[in-house]
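Asker: Under the numbering used here, residues 40 to 341 are what the sequence shown spells out, in order.
By construction, the Cβ of each residue, glycine as well, lies at the ideal position given by its N, Cα and C atoms.
Every value quoted in this text rests on a predicted model; they were computed, and no experiment measured them.
I have a structure I would like to understand better, so I am pasting it below and will then ask my questions one at a time.
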Amino acid sequence: MRRILSIAAAASATLALHSCFTGVESTPRIGAGEVRKETASAPVEDAVLAGVVPQPFEQWTPGKSFLVEDSRIRLLFGITLPAGADLRGDTLCYAGAVRTTDFAGKPVTILRFNDRRLPGDTLEYRVGSEARIELPFTVELSVVDSARALLTGRTFYLLTRSRRDSADNIVSGRRYVPVTVDSVMPGSAVNPIKISFTDDTGSRAYLFMPGGVAAASPRRFGAVLSVADPRRRYQHVTDEVWTNIVDGKVAPGMTRDECRLSLGKPASVDRVPGSSYLYERWTYDNGIYLIFEDGVLTQFRR
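If you want it as structure tokens, here you go:
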């Protein structure tokens, strides 16, 4: 009788696991937040570019330079821009500002710029008094200069697999490896800092990031680069497993923490208790799934 009950319990657990994993009868789904290891705050990394921020308008002086990143800047300059001119890639130099009023008597600030490629023309951008004064569609070159002085020649550790190649394509690569910053150049209006780096194999790639702390940005310095070697935080992980983590791979026997380090947090988690084990299936948006028994990886699909 005991043997029959044991077999029945095992069969019941197997059916429950199957129904959970096929969606026929799913247990309550646990959000990714439950399995996510909260990233500890990184005050050292946050401090690296904390002071690299755009200057407030009150501190602008004639000659301050901006690189045009988007052709839509033509919408700002109206009739002061020569017909057919495309400013993308040009450098604009601030030439001063005057305060006046518009036709309705409301205060307006007129910003004036010179284009080094079009030295005979003065471009004017009118800004209402209620607006924050900045120059959209551009990269403020003082931000790039400050980042260049702080980063060039230094070695950091990659925390992201995503980067760009020389053709500006997004590619995936190794993580938690040392990289040396070769140069810093203008990026985009959103992420004005573009760094070129070389990893420990001699491979070169690029990252875009904002300046300042930019806590909400997934591309902020502390989210993509580390000052310290992450390996030191995981000395209990074997070299074989660490190689898998660096390469974004998993293997049977790896723990949940090790798999999370390798692949990142899953989109969802299904759990179901068996007769002897706690089964979990982690599912990722790209179709990858991992199956754990009592926290140890037993099966996976890439």
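(1) Would you mind giving the Cβ-Cβ distance between L106 and T177, rounded to the nearest angstrom? I have them listed as a contact below 8 Å.
(2) How many angstroms separate the CA atom of Y196 from the CA atom of R243?
(3) On a Cα-Cα basis, can you pick out the residue from D286, T219, Y273, R271 that is closest to R187?
(4) For A306, which of helix, strand or coil comes out of DSSP?
(5) Distance check for A228 and R127, CA to CA, integer angstroms please.
(6) Under three-state DSSP, which class holds V92?
(7) Using only the alpha-carbon positions, how far apart do N283 and D296 sit?
(8) Whose CA, out of M248, L302, S307, lies closest to the CA of V87?
(9) For P291, count the other beta carbons within 10 Å of its own beta carbon; 16 or more makes it buried, fewer makes it exposed. Which is it?
(10) Just to check my reading of the structure: G175 and L115 have Cβ atoms closer than 8 Å, yes? What is that Cβ distance to the nearest angstrom?
(11) Check N325 in the structure and name its three-state DSSP category.
(12) Just verifying my parser: in three-state terms, what is the DSSP assignment at L189?
(13) So, does the region 205–224 touch the region 235–242, judging by three or more C-beta pairs under 8 Å?
(14) Would you report the Cα separation of D221 and V285, rounded to the nearest angstrom?
(15) Are the C-beta atoms of V178 and some chain B residue less than 7 Å apart?
(16) In chain order, which alpha helix (DSSP H) runs of at least 4 residues are fully inside the region 237–320?
(17) Exposed or buried, which one is I118 when buried takes at least 16 other CB atoms within 10 Å?
(18) Nearest to A134 by CA position, among E163, D141, D125, is which residue?
(19) Any idea what DSSP makes of F142, helix, strand or coil?
(20) Buried or exposed, going by whether 16 or more other CB atoms sit within 10 Å of the CB of M293?
(21) From which residue to which residue does the beta strand (DSSP E) around R165 run?
(22) Under a three-way DSSP split, which group does S201 fall into?
(23) Could you say which of A206, E173, E279, A124 lies nearest to P95 if we only look at CA atoms?
(24) Report the CB separation of D85 from G250 in whole angstroms; it is logged as a contact under 8 Å.
(25) Can you tell me which of K288, P158, V311, T194 puts its alpha carbon nearest to the alpha carbon of F31?
(26) Looking only at its chain, what residues have a beta carbon closer than 7 Å to the beta carbon of D204, apart from the 5 residues adjacent to it on each side?
(27) Determine the direct distance from the alpha carbon of S181 to that of C132, and round the result to whole angstroms.
(28) Would you report the Cα separation of E179 and R151, rounded to the nearest angstrom?
(29) Looking at the secondary structure, which residues open and close the alpha helix (DSSP H) in which P82 lies?
(30) Name the DSSP bridge partner or partners of N208?
Answerer: Once the coordinates are examined:
(1) About 6 Å; that satisfies the 8 Å criterion.
(2) Here the C-alpha atom of Y196 lies approximately 14 Å from the C-alpha atom of R243.
(3) Ranking D286, T219, Y273, R271 by Cα distance to R187 puts T219 first.
(4) Note: A306 maps to coil in three-state DSSP.
(5) Roughly 12 Å between the two C-alpha positions.
(6) In the structure shown, V92 sits in coil (DSSP, three-state: anything other than H, G, I, E or B).
(7) Answer to the nearest angstrom: the Cα atoms are 13 Å apart.
(8) Of the candidates M248, L302, S307, the residue whose Cα lies closest to the Cα of V87 is M248.
(9) Answer is exposed; the Cβ neighbour count stays below 16.
(10) For the sequence presented, residue 175 should be read as Pro rather than Gly. Confirmed, Cβ separation roughly 7 Å.
(11) Coil, per DSSP.
(12) Three-state DSSP puts L189 in a helix.
(13) Taking 8 Å as the limit for Cβ pairs, the verdict is that the region 235–242 does touch the region 205–224.
(14) Their Cα atoms are separated by approximately 22 Å.
(15) The structure shown contains no chain B, having only a single protein chain.
(16) Scanning the region 237–320 from its first residue to its last, the whole alpha helix (DSSP H) runs of 4-plus residues come out as 260–263, 278–286, 295–302.
(17) Around the beta-carbon of I118, fewer than 16 other beta-carbon atoms lie within 10 Å, marking it exposed.
(18) Answer by Cα proximity: E163.
(19) Coil at F142, not helix or strand.
(20) By the 10 Å Cβ count, M293 comes out buried.
(21) Unbroken beta strand (DSSP E) run through R165: 157–167.
(22) Strand, per DSSP.
(23) Comparing Cα positions, the closest option is E173.
(24) So it is not a contact: roughly 12 Å between Cβ atoms.
(25) The chain is shown from 40 up to 341; residue 31 falls before or after that span and cannot be answered.
(26) Listed in chain order, the non-local C-beta contacts of D204 below 7 Å within the same chain comprise V210, A244, local neighbours out to five positions each way being set aside.
(27) Whole-angstrom Cα-Cα distance: 12 Å.
(28) Rounded to the nearest angstrom, the two C-alpha atoms are 15 Å apart.
(29) Per DSSP, P82 belongs to the alpha helix (DSSP H) from 82–87.
(30) In DSSP, N208 forms no bridge with anything.
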